[in-house]
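Chemist: I am attaching a structure below and will ask some questions about it afterwards.
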Amino acid sequence: AVYQAVRFRYDVSSDRIILYGQSIGSVPTVYLASKVNVAGVILHSALLSALRVVFPNFRKSLWFDGLKNIDKLDSINSPVLVIHGTRDEIVDFSHGMTIFESCPNVVEPLWVSGAGHNNIEIYEQYLTRLDKFINVELMNTYKQRHQNMTKTVQN
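Read in order, the letters of the sequence shown are residues 1 to 155 in the working numbering.
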């Protein structure tokens with residue numbers, strides 16, 4: 001509903017929207033990112049699936065696990081920044097690594113050494129990496145897309 005409002009009520013083009021999902025909030029973020037192309041996606045302490053949080057060695061997707069990010073990651077076409085703390089006590093760090101390996105269009109991840117699940121924001125490299133992703137990497141992608149569109153229109 002928020003995406004639709006931003007897109008159509010406020011007339012913001014999808015290439016100017018960044019989706020951000022943290023922890024369980026990564027589930028609707030991944031779902032939406034798998035359906036629409038946006039400027040970028042940030043997955044912060046994201047989970048592979050609910051079952052994999054509870055049972056870390058579980059490797060299958062089951063029909064009753066309604067929180068299966070793992071099954072949608074390969075459908076995300078937008079640039080993805082994965083952020084995860086190496087000492088996450090709720091969603092194991094391995095989730096972040098697998099998400100990074102599973103997305104087709106990832107940028108350099110941010111692995112915050114020593115950070116847990118709810119304190120990544122206090123580390124200086126968190127804001128530095130967000131700034132680089134938004135103001136350098138996504139801006140370059142945006143400029144390239146619009147240059148290509150201009151060339152296409154001119155031809």
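Backbone N, C-alpha and C fix where the C-beta goes; we use that ideal spot for every residue, glycine too.
For H44, which beta-bridge partners are listed by DSSP?
Modeler: DSSP output for H44 lists Q22 and I83 as bridge partner(s).
Chemist: Between which residues of its own chain and P28 is the CB-CB distance below 8 Å, once the five residues before and five after are set aside?
Modeler: Excluding sequence neighbours, P28 sits near G21.
Chemist: Once DSSP output is grouped into helix, strand and coil, what is the label at L110?
Modeler: Here L110 sits in strand by DSSP.
Chemist: Tell me which residue opens and which closes the alpha helix (DSSP H) that G96 is part of.
Modeler: It spans F93 to S102 - the alpha helix (DSSP H) in which G96 sits, taken as one unbroken run.
Chemist: For K68, count neighbouring C-beta atoms within 10 Å of its own C-beta (all shown protein chains included) and say buried if the count is 16 or more, exposed if not.
Modeler: Looking at its Cβ environment, which holds 16 or more other Cβ atoms inside 10 Å, K68 is buried.
Chemist: Between G85 and I120, which are expected to be in contact by the criterion C-beta below 8 Å, what is the C-beta distance as a whole number of angstroms?
Modeler: Sure, about 5 Å apart at Cβ, within 8 Å.
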